[in-house]
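Notes follow the structure.
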Amino acid sequence: MTNQPEFDRYMMLEGSYNIRDVGGYATRDGRRVRWRRLLRSDSLHALTPASQQMLRDHGLRTIIDLRRPSEAARKPNVFATVAGMDYRNMPLFDDRAADTVDAPAETLEELYVRYVDMCQAQFGAILNTVAATADAPLLVHCAVGKDRTGLVVALTLGALGVAPEIIAQDYALSYARLEPLFVRERPEVAPERLARYERMIQSPREAMEHVLAHIDARYGGMGAYIAALGLGAPQIERLRSELLEE
Numbered sequence: 001m002t003n004q005p006e007f008d009r010y011m012m013l014e015g016s017y018n019i020r021d022v023g024g025y026a027t028r029d030g031r032r033v034r035w036r037r038l039l040r041s042d043s044l045h046a047l048t049p050a051s052q053q054m055l056r057d058h059g060l061r062t063i064i065d066l067r068r069p070s071e072a073a074r075k076p077n078v079f080a081t082v083a084g085m086d087y088r089n090m091p092l093f094d095d096r097a098a099d100t101v102d103a104p105a106e107t108l109e110e111l112y113v114r115y116v117d118m119c120q121a122q123f124g125a126i127l128n129t130v131a132a133t134a135d136a137p138l139l140v141h142c143a144v145g146k147d148r149t150g151l152v153v154a155l156t157l158g159a160l161g162v163a164p165e166i167i168a169q170d171y172a173l174s175y176a177r178l179e180p181l182f183v184r185e186r187p188e189v190a191p192e193r194l195a196r197y198e199r200m201i202q203s204p205r206e207a208m209e210h211v212l213a214h215i216d217a218r219y220g221g222m223g224a225y226i227a228a229l230g231l232g233a234p235q236i237e238r239l240r241s242e243l244l245e246e
């Protein structure tokens, strides 16, 4: 596991509560993910001008927004129409498919397995875009930066050769950042929905471990699943060349 301190990973930006760097993680062959190259976050719709400038100074060039078109329209990413920023709305599922793909689940494990099984074309397009744009800092986000973003980052790290336990560790970091948001939301949740709400707002490493085990059992491993998404050797090599340290 990475020994990098937490403050190296989190970016303290006003108007964002779950933005962090995915750098520093070790791969099985002894390399490390580059710092300042792959970021993950919440929607960034409330990012202040000063924080926007911090991301520009970071060198951010590409943003992949995993939200449905209706979500993106309701809370637009502040960079969506900024000249010089390559903003791409690439929903993991669109508004028409949401009732099926994103139907209420009883557990995170159930939801994530559904995404993995039903969104392969979308995952493939997203990961190919990450590979094509990884020569400069890029950011992947959804609404709160936990579920859809968590799976895209997990697959990216898996393609780079990061071990499952480290992938699960990165996923698990989200809840500590999101808890203040959820504390504000809890009073608005109907009593009969509270138990499920409490389960679904967490980011336990066991949930990610479960979906990674599902990929192993059903698809024959991360490499086979990534290949089934349409990423061939050239795309994997580009990912590794751009996102891993020499």
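Taking full-length UniProt numbering, the leading residue of the sequence shown gets 1, the next gets one more, and so forth.
Ideal placement from N, C-alpha and C gives every residue a C-beta, glycine not left out.
In this structure, Leu-66 and Pro-104 do not form a Cβ contact; the two beta carbons are roughly 19 Å apart against a cut-off of 8 Å. Between Cys-119 and the set Ala-228, Leu-160, Ala-176, the nearest pair of CA atoms involves Ala-228. Here the C-alpha atom of Leu-243 lies approximately 8 Å from the C-alpha atom of Leu-38. In this structure, Asn-128 is the residue among Leu-139, Asn-128, Tyr-171 with its C-alpha nearest to the C-alpha of Arg-240. The C-alpha of Pro-191 is placed about 31 Å away from the C-alpha of Ile-19. Taking Met-208 as reference, the option from Leu-160, Ile-166, Leu-178, Leu-47 with the minimal CA-CA separation is Ile-166. A straight line joining the alpha-carbon of Ile-126 with that of Tyr-17 spans about 23 Å.
Here the segment 166-183 lies against the segment 200-215, with 3 or more beta-carbon pairs under 8 Å apart.
When the alpha-carbon of Arg-68 is set against those of Val-82, Gln-53, Gln-52, Asn-89, the nearest one is in Asn-89. With a beta-carbon spacing of about 7 Å, Val-116 and His-214 fall inside the 8 Å limit used to define contacts. Of all C-beta pairs linking the segment 135-153 to the segment 218-237, fewer than three are shorter than 8 Å, placing the two stretches out of contact. Excluding five sequence positions before and after Arg-218, the CB atoms of its chain that fall closer than 8 Å to its own CB belong to Asp-117, given in chain order. Membership of Asp-216 in the alpha helix (DSSP H) is indicated by the continuous run 205-219. Each residue's CA atom was taken as its position, placing Ala-195 and Ala-73 some 30 Å apart. Counting the other Cβ atoms within 10 Å of the Cβ of Gln-53 gives fewer than 16, which makes it exposed.
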